[in-house]
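Same order as they appear, the protein sequences are chains A and B. Everything in the first sequence is counted per my numbering, starting at 56 for the first residue and increasing by one. Everything in the second sequence is counted per my numbering, starting at -15 for the first residue and increasing by one. From the three backbone atoms N, C-alpha and C, an ideal C-beta is built for every residue, glycine too.
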Amino acid sequence: DAGVTQSPTHLIKTRGQQVTLRCSPKSGHDTVSWYQQALGQGPQFIFQYYEEEERQRGNFPDRFSGHQFPNYSSELNVNALLLGDSALYLCASSPWPIVDIMNTEAFFGQGTRLTVV
Amino acid sequence: DQQVKQNSPSLSVQEGRISILNCDYTNSMFDYFLWYKKYPAEGPTFLISISSIKDKNEDGRFTVFLNKSAKHLSLHIVPSQPGDSAVYFCAASLDFGNEKLTFGTGTRLTIIP
């Protein structure tokens, strides 16, 4: 079991550009959440996808958007990058709680380190 | 507004002794609490959780205590081992199974051999 995999592991972008990050969930998981972890901070919830729809969203601007594919993998898109978007972006997967109530804890990937210059 | 706070950025403990990591929260609607451990260059790994209907949950060397009236929880690691050296995050959610987690800023635990 490969667990949660994210790509790329590191990325450097220029301010104003757009970026797409990718996530493959753990086998058997159908729910994907994205988090942003700035240096010295805890992860902050961006949004969650289930059945290809955004189910919950944190306090992030519309520049942050996402997508979930039929195979449950997901993308995070950030437009008009700002220097402040530099962070570690974490993807977490879990089973939808109604389906598997006993094992709902999120499994995290290793993250994508985004640097905006 | 930091709804989950870990006021100790770092903690050093002798191997074999007890490590106690603390976490405070302000949102009384939080109903489920979790601890995650994070090594460098890896994602956070789930450790242990507790529902608000309990005041203690134990799993091997790890025990989490919840004091709802004080809005405080703690993670006890006994005995501490060198492999426990990592950053520990406290997280909270509004209900069980809700993956919208609110994290604290983390405590870096160093176990001294």
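(1) In the DSSP assignment, find the unbroken beta strand (DSSP E) run with B/ASP43 in it and report its ends.
(2) Can you tell me whether A/ASP140 is helix, strand or coil according to DSSP?
(3) Could you work out which residues of chain A lie near B/PRO66, taking near to mean beta carbons separated by less than 8 Å?
(4) Should the region 0 to 15 of chain B be regarded as contacting the region 121 to 134 of chain A, the criterion being three or more beta carbon pairs within less than 8 Å?
(5) Between which two residues does the beta strand (DSSP E) containing A/GLU130 stretch?
(6) In chain order, what residues of the region 18 to 33 of chain B put their CB closer than 9 Å to some CB of chain A?
(7) Which partner residues of B/ASN6 appear in the DSSP bridge assignment?
(8) Looking at the unbroken beta strand (DSSP E) that takes in A/ARG70, where does it start and where does it end?
(9) Which residue wins for smallest C-alpha separation from A/ALA142, given the options A/VAL59, A/LYS81, A/LEU76?
(10) Mind listing the chain A neighbours of B/LYS84? Cutoff is C-beta to C-beta under 8 Å, in chain order.
(11) DSSP puts B/LEU50 in a beta bridge; with which residues?
(12) If I follow the unbroken beta strand (DSSP E) through B/ALA76, where does it start and stop?
(13) The beta strand (DSSP E) that contains A/GLN103, what's its start and end?
Taking the coordinates as given:
(1) 40 to 43
(2) helix
(3) Under the 8 Å cutoff, chain A gives no residues; its nearest Cβ is about 22 Å from B/PRO66.
(4) no
(5) 129 to 133
(6) LEU18, TYR20, LYS22, ALA25, GLU26, GLY27, PRO28, THR29, PHE30, SER33
(7) B/SER58
(8) Looking at the DSSP string, A/ARG70 is not in any beta strand (DSSP E), and its letter there is neither H nor E.
(9) A/LEU76
(10) SER88, PHE100, GLN103, GLN111, GLY113
(11) B/LEU57
(12) 70 to 77
(13) 99 to 105
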